[in-house]
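Engineer: Take a look at the following structure, please.
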Amino acid sequence: MNKNLYDIHCHAMNLSHPDLYAFIKRFRRAMIPLSIALSIPGIGTILSVILNGSPSKVKKVKDMLSILEADIGDVFCKMESDIIESKLYNNGLKIGDTQYEKFVLCPLIMDFNTGLNDESVYCVSKPKKPMEDQAVDLFNGIKKYKEKPQGQGLLQIFPFIGINPLNTYCLKGKSVYAIDLLEYFFAEFSKEDTPEERYSKVKEAFYSDKFIGSFDSIPENSFAGVKLYPPLNFNPYPDGKENINIDNEKKLLDETKRIYDFCIKKNIPVITHCSKAGRLMGGGYRVMGRDIHNNFTSPGEKWDAVLSDYNKLKLDFAHFGGSVKNGEWQRDIYNYIKSYKKNIYIDISDICHTNRDYNKLEKTIDKLCNNDATSKKNFYKHILFGSDFFINMITADSYGQYLNMFCNNDAFGVNAIQIKQKFISENPERFLFGK
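This is how it looks when you write it as structure tokens:
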């Protein structure tokens, strides 16, 4: 199996995909001033910076808008160009003396269909944001990238499918549940797959020409894993105590359990959003109040119940709780890694923008591990590089600049090269394809 580099956490979408109305509804209820209410990732951040930002920040917003309005295939070509111009590329992909063949992007599809209604507005029916449309746009972008003459063929693109058991989907002309999508797209996955076999299946789907512009034509094995997003009204473990506007709590719990069972049975990696919400903002694309958000998203609440019953679930807590600081959420994740040994991961997407951030991350790991060398060595095996592109563009000047900071930061001491190789190659490969 060839050695590759990985961005385990990025996004490829356009302005039609997010549920803008749901965000406005939430902030209107909270009576938050507009300039603060709009300070949310992506669209809200764009508008807030335009209202209040400096010229340099407005420039970053323009850059982000150019991404959201561009053809997704062109965006992939631009990301590839940035990689080639970055410190990761020197007559080929390289870290230290180790050569790598491909750069693997894992765009995470998000199911923005929140199921939230509002009887007081002109168009009463809830905004329709079908996950299937976002998936089609993404695969059209992949198809165009493979066809574009300026493409260098450096990228392999292995998306994660975004689901919510609250919702139904359309597949082959029928209304189906989330579990039905997984059973269709991951039908050929097996728990007995070797890493080479699993990688080969997803790679073959990427190079396939079977996609012809419809959701139904997305080839089996095209998705490398599953993306869950609690702030968009995904309850990781319904127990009947929450008022989340559904008719049958037990059915929702049954459907959620089926998803976890299936992912364990097929050895499918799962990425869940894990970023703490503040009093006014933060926490990602959230359409609920802070307390419910943190209950659904916290590694120590709902996810503790999930992992108690499904301790073999291969799970990445994205954004490491939303901070490089040594907080409660970070300690909870560290304790899971100690307890479940090999199947719990974190990614550092959109939390390490500067040299200082990487040094803070190193210090946090030192504290969590009590400066024990063996504990740190083990923890380093569970960290995944991710960018959160395009969201990270509010801080980064370019995708290449974000990659360069990963390469050039002075954290992790004399073993920095080997540790960075783990973060961006060895660990993501094991997370995606290993047992």
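Reminder that position 302 of the sequence shown reads as 284 in the working numbering, one-by-one numbering, no gaps. For glycine and all other residues, C-beta sits at the position ideal for the given N, C-alpha and C.
Can you give me the C-alpha to C-alpha distance between residue 241 and residue 38, rounded to a whole angstrom?
Structural biologist: In the sequence shown, counting from the first residue as 1, residue 241 sits at position 259. In the sequence shown, counting from the first residue as 1, residue 38 sits at position 56. Those two C-alpha atoms are separated by around 44 Å.
Engineer: DSSP three-state label for residue 199, please.
Structural biologist: Here residue 199 is taken as the residue at index 217 of the sequence shown, counted from 1. Three-state DSSP puts residue 199 in a helix.
Engineer: Looking only at DSSP bridge pairs, what is residue 143 linked to?
Structural biologist: Here the question's residue 143 lines up with position 161 in the sequence shown. BP columns for residue 143 point to 208.
Engineer: Where does residue 338 land, buried or exposed, given buried means 16+ other C-beta within 10 angstroms?
Structural biologist: Walking along the sequence shown from the start, residue 338 turns up at place 356. Under this definition residue 338 is an exposed residue.
Engineer: Given a cut-off of 8 Å on the beta-carbon distance, is the pair residue -11 and residue 302 in contact?
Structural biologist: Here residue -11 refers to the residue found at position 7 when the sequence shown is read from its first residue. Here residue 302 refers to the residue found at position 320 when the sequence shown is read from its first residue. No, the Cβ-Cβ distance between residue -11 and residue 302 is not below 8 Å.
Engineer: Compare the C-alpha of residue 250 against each of 111, 347, 173, 323 and name the closest.
Structural biologist: The residue you call residue 250 lines up with position 268 of the sequence shown. For the residues 111, 347, 173, 323, the minimum Cα distance to residue 250 belongs to 173.
Engineer: Take the Cβ of residue 344 as the centre, count every other Cβ of all protein chains shown within 10 Å, and call the residue buried at 16 or more, exposed below.
Structural biologist: Within the sequence shown, the letter at position 362 stands for residue 344. Label assigned to residue 344: buried.
Engineer: Three-state secondary structure (DSSP) at residue 335?
Structural biologist: The sequence position of residue 335 within the sequence shown is 353, counting from 1. In this structure, residue 335 counts as coil in the three-state DSSP scheme.
Engineer: Go ahead and label residue 79 buried or exposed: buried means 16 or more other beta carbons lie within 10 angstroms of its beta carbon, across all protein chains shown.
Structural biologist: By one-based count along the sequence shown, residue 79 stands at place 97. Exposed: under 16 other Cβ atoms inside 10 Å.
Engineer: Tell me where the alpha helix (DSSP H) around residue 320 begins and ends.
Structural biologist: If you number the sequence shown from 1, residue 320 lands on position 338. Start and end: 310 to 322.
Engineer: Taking the straight line between their C-alpha atoms, what separation do you get for residue 382 and residue -8?
Structural biologist: Sequence index remark: in the sequence shown, residue 382 carries index 400 (1-based). Sequence index remark: in the sequence shown, residue -8 carries index 10 (1-based). Computed Cα separation, rounded: 14 Å.
Engineer: Let's see if you can read the secondary structure: which residues bound the beta strand (DSSP E) around residue 384?
Structural biologist: Taking the first residue of the sequence shown as position 1, residue 384 is located at position 402. Per DSSP, residue 384 belongs to no beta strand (DSSP E); it is in the alpha helix (DSSP H), 381 to 390.
Engineer: What does a CB cutoff of less than 6 Å around residue 446 pick up in its chain, not counting 5 residues either side in sequence?
Structural biologist: The chain is shown only over -17 to 417; residue 446 falls outside these bounds and no answer can be derived.
Engineer: Please report the straight-line C-alpha distance between residue 95 and residue 167, rounded to a whole angstrom.
Structural biologist: Against the sequence shown, residue 95 aligns to sequence position 113. Against the sequence shown, residue 167 aligns to sequence position 185. Approximately 20 Å between the Cα atoms of the pair.
Engineer: Could you check the C-alpha separation between residue 126 and residue 255 for me, to the nearest Å?
Structural biologist: In the sequence shown, the residue the question calls residue 126 occupies position 144. In the sequence shown, the residue the question calls residue 255 occupies position 273. One C-alpha to the other measures close to 29 Å.
Engineer: Short check: CB of residue 365 to CB of residue 409, under 8 Å?
Structural biologist: Position 383 of the sequence shown holds residue 365. Position 427 of the sequence shown holds residue 409. Yes, these two residues count as a Cβ contact at 8 Å.
Engineer: Indicate whether residue 49 and residue 57 have their beta-carbon atoms separated by less than 8 Å.
Structural biologist: Taking the first residue of the sequence shown as position 1, residue 49 is located at position 67. Taking the first residue of the sequence shown as position 1, residue 57 is located at position 75. Yes.
Engineer: Give the single residue among 161, 156, 136 whose Cα lies nearest to the Cα of residue 143.
Structural biologist: Locating residue 143 in the sequence shown gives position 161, where the first residue counts as 1. Cα-wise, what sits closest to residue 143 is 161.
Engineer: Quick check on the DSSP output: the alpha helix (DSSP H) that includes residue 59 runs from which residue to which?
Structural biologist: Along the sequence shown, one-based indexing puts residue 59 at 77. It spans 54 to 67 - the alpha helix (DSSP H) in which residue 59 sits, taken as one unbroken run.
Engineer: Label residue 332 either buried or exposed according to how many other C-beta atoms from any shown protein chain fall within 10 Å of its C-beta, with 16 as the threshold for buried.
Structural biologist: If you number the sequence shown from 1, residue 332 lands on position 350. Label assigned to residue 332: buried.
Engineer: Does the distance from the C-beta atom of residue 312 to that of residue 350 stay below 8 Å?
Structural biologist: As a first step, residue 312 is located in the sequence shown; it is residue number 330 there, counting from the start. As a first step, residue 350 is located in the sequence shown; it is residue number 368 there, counting from the start. Yes; because the gap between Cβ atoms is below 8 Å, this pair is in contact.
Engineer: Which residue marks the beginning of the beta strand (DSSP E) containing residue 257, and which one marks its end?
Structural biologist: Counted from its first residue, the sequence shown places residue 257 at position 275. 252 to 257 is the extent of the beta strand (DSSP E) around residue 257.
Engineer: From the DSSP output, read off the bridge partner residues of residue -8.
Structural biologist: On the sequence shown, residue -8 is found 10 positions in, with the first residue counted as 1. According to DSSP, which records beta bridges pairwise, residue -8 is partnered with 89.
Engineer: Does the beta-carbon distance from residue 407 to residue 137 come in below 8 Å?
Structural biologist: Here residue 407 is taken as the residue at index 425 of the sequence shown, counted from 1. Here residue 137 is taken as the residue at index 155 of the sequence shown, counted from 1. No, the Cβ-Cβ distance between residue 407 and residue 137 is not below 8 Å.
Engineer: When you compare only the Cα positions, how much space is there between residue 88 and residue 354?
Structural biologist: As a position in the sequence shown, residue 88 is number 106, starting the count at 1. As a position in the sequence shown, residue 354 is number 372, starting the count at 1. Taking the straight line from one Cα to the other gives about 33 Å.
Engineer: Can residue 75 and residue 389 be called in contact, C-beta distance under 8 Å?
Structural biologist: For the purposes of this step, residue 75 is identified with residue 93 of the sequence shown, where counting begins at 1. For the purposes of this step, residue 389 is identified with residue 407 of the sequence shown, where counting begins at 1. Not in contact: residue 75 and residue 389 (Cβ atoms no closer than 8 Å).
Engineer: Going by DSSP, what residues sit across from residue 80 in a beta bridge?
Structural biologist: Position 98 of the sequence shown, counted from the start, is the residue given in the question as residue 80. In DSSP, residue 80 forms a bridge with 77.
Engineer: How should residue -6 be labelled, buried or exposed, when 16 other C-beta atoms within 10 angstroms of its C-beta is the threshold for buried?
Structural biologist: By 1-based counting over the sequence shown, the position of residue -6 is 12. Residue -6 comes out buried.
Engineer: Between residue 180 and the rest of its own chain, which residues show a CB-CB distance below 6 Å, the 5 nearest in sequence each way excluded?
Structural biologist: As a first step, residue 180 must be located in the sequence shown, where it is residue number 198. Counting only Cβ-Cβ distances below 6 Å, and skipping sequence neighbours, we find 415.
Engineer: Taking the beta strand (DSSP E) that residue 156 falls in, what are its first and last residues?
Structural biologist: Sequence index remark: in the sequence shown, residue 156 carries index 174 (1-based). Residue 156 -> beta strand (DSSP E) spans 156 to 159.
Engineer: Just to confirm before moving on: does the CB-CB distance between residue 139 and residue 113 stay below 8 Å?
Structural biologist: Locating residue 139 in the sequence shown gives position 157, where the first residue counts as 1. Locating residue 113 in the sequence shown gives position 131, where the first residue counts as 1. No; because the gap between Cβ atoms is not below 8 Å, this pair is not in contact.
Engineer: Measuring alpha carbon to alpha carbon, tell me which of 402, 145, 384, 135 ends up nearest residue 238.
Structural biologist: Here residue 238 corresponds to residue number 256 of the sequence shown, with the count starting at 1. Considering only alpha carbons, the answer is 145.
Engineer: For the beta strand (DSSP E) that residue 151 lies in, which residues bound it at each end?
Structural biologist: Mapped onto the sequence shown, residue 151 falls at position 169. Residues 150 to 153.
Engineer: From the DSSP output, in three-state form, read off residue 228 for me.
Structural biologist: The residue labelled residue 228 in the question sits at position 246 within the sequence shown. Summary for residue 228: the model assigns pLDDT 48, below 50, so the residue's position carries little reliability, and this model does not support an answer.
Engineer: Buried or exposed for residue 356, going by 16 or more other Cβ atoms inside 10 Å?
Structural biologist: Locating residue 356 in the sequence shown gives position 374, where the first residue counts as 1. Flag for residue 356 reads exposed.
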